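Enquirer: Dropping the structure in here first, questions after.
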Amino acid sequence: KAGVTQTPRYLIKTRGQQVTLSCSPISGHRSVSWYQQTPGQGLQFLFEYFSETQRNKGNFPGRFSGRQFSNSRSEMNVSTLELGDSALYLCASSLGRLGNALHFGNGTRLTVT
Amino acid sequence: GNSVTQMEGPVTLSEEAFLTINCTYTATGYPSLFWYVQYPGEGLQLLLKATKADDKGSNKGFEATYRKETTSFHLEKGSVQVSDSAVYFCALSDRGQNFVFGPGTRLSVLP
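As they're listed, the protein sequences go chains Y and X. Each residue of the first sequence is one higher than the last, beginning at 1222 in this note's numbering. Each residue of the second sequence is one higher than the last, beginning at 26 in this note's numbering.
Below, the structure is given as C-alpha cells:
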C-alpha cells in the first residue's frame, strides 16, 4: 500500500510570493491534516480536512489555507510569504475517527528568502 | 486546552542501555495516546499507541502503558541500538483528529 506522498520535497521562494503544496493520502483515508514543523515551535497543527470539509483549524493567519478534493488529495496554500514561514510542512492522513493514528508523508521543506 | 509534556533531551545512551522517555499529558475526557519517531529527513512514523486506560502499546521492543491515574505514557525499551537514534514525539488525540504533540526528545545511541 502506497504511503502518504507530498510534493514537492523542497521549495525556495521569495518573500511576498505564494506557494501551493500537494498531498496524496493513503488509499481509503478520508482525513488529511497539515502541520508546520520548526526547530523553535515544534509541530503546530494547521488544519484538517475530512470528506472535502475543513473539520478543524489551528491558530494560523488567514494567509494559510487549504482544500481537499473528492479523491481525498489535499493542497495547502500560503500567500504573501514571510521569512518566518520557512519550515517543514507535513501532511498526514488517517481514517478520521477517534483512536486512528496519523500517517505522515516525508514533508515539503519550504525556504523563504 | 490539551497539552503534552516530555523531556526534551538530548538523551545520550550507550548501545544496549535501558531507555525511558517520560511523557505526561493534560486533557479533558479520555484521549488516545501515541508515540511517533522521526528519523533525519523524514516525516513522523507511528511507533505505538494506546486508546484506553491501562492499555499497553508495543512495537519493535518499545513499550508504553496508558496510566490515567498519573496522566502518563512513558516510553521504554530494554536495550537500545544505534539505529534507534532519532527524535521521539509523544502525542494525544481527542474528538477525532485533533492531535497535540509534545516538543520531541532527541535520542543519540553511541556504539
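Idealized CB from N, CA, C, for every residue including glycine. Remember, it's a predicted structure, so these values are computed and weren't measured experimentally.
Flag this pair as yes or no: are the beta carbons of Ala1313/Y and Ser1254/Y separated by less than 8 Å?
Expert: Taking 8 Å as the Cβ cut-off, Ala1313/Y and Ser1254/Y qualify as a contacting pair.
Enquirer: Suppose only complete runs of 4+ residues qualify. What are the alpha helix (DSSP H) ranges in the region 51-121 of chain X, listed by chain order?
Expert: With a minimum length of 4 residues, no continuous alpha helix (DSSP H) run stays inside the region 51-121 of chain X.
Enquirer: If you run the structure through DSSP and keep just helix, strand and coil, what is Leu1323/Y?
Expert: DSSP places Leu1323/Y in coil when its eight states are reduced to three.
Enquirer: Identify the contact partners of Asn123/X in chain Y, using a Cβ-Cβ distance below 7 Å as the criterion.
Expert: Result: Asn1277.
Enquirer: Is Ser133/X close to chain Y, meaning its C-beta is less than 8 Å from at least one C-beta of that chain?
Expert: It does not: the Cβ of Ser133/X has no partner Cβ on chain Y nearer than 8 Å.
Enquirer: Along chain Y, which residues have their Cβ under 8 Å away from the Cβ of Pro65/X?
Expert: In chain order: nothing, as chain Y lies at least about 11 Å away.
Enquirer: So, for Asp1306/Y: in the same chain, excluding its five sequence neighbours on each side, which residues have a beta-carbon less than 7 Å away from its beta-carbon?
Expert: Answer for Asp1306/Y: Val1299, Leu1331, Val1333, listed in chain order.
Enquirer: Give every residue of the same chain whose Cβ lies closer than 6 Å to the Cβ of Pro136/X, excluding the five residues on either side of it in the sequence, and list them in chain order.
Expert: Excluding positions up to five away in sequence, the list reads Glu40, Val107.
Enquirer: Do you know offhand how far Val105/X's Cα is from Leu1319/Y's?
Expert: Taking the straight line joining both Cα atoms gives about 31 Å.
Enquirer: Reducing DSSP to helix, strand and coil, say where Leu1267/Y ends up.
Expert: Reduced to three states, the DSSP call for Leu1267/Y is strand.
Enquirer: Quick one: Cα of Ala1223/Y to Cα of Val62/X, how far?
Expert: Spanning the two alpha carbons is a distance of roughly 19 Å.
Enquirer: Assess, as a yes-or-no matter, whether the region 48-55 of chain X is touched by the region 96-104 of chain X under the definition of 3 or more beta carbon pairs within less than 8 Å.
Expert: The answer is yes - the region 48-55 of chain X touches the region 96-104 of chain X, with three or more Cβ pairs under 8 Å.
Enquirer: How long is the line joining the alpha carbons of Tyr1270/Y and Tyr1231/Y, rounded to whole angstroms?
Expert: Computed Cα separation, rounded: 23 Å.
Enquirer: Check the DSSP bridge columns for Ala1308/Y and list the partner residues they point to.
Expert: DSSP, once it has assigned bridges, lists Leu1331/Y as partnering Ala1308/Y.
Enquirer: Pick helix, strand or coil for Gly1287/Y, following the three-state DSSP scheme.
Expert: Note: Gly1287/Y maps to strand in three-state DSSP.
Enquirer: For Leu132/X and Gly1328/Y, what's the separation of their Cα atoms in angstroms?
Expert: Cα to Cα, the separation comes out at about 21 Å.
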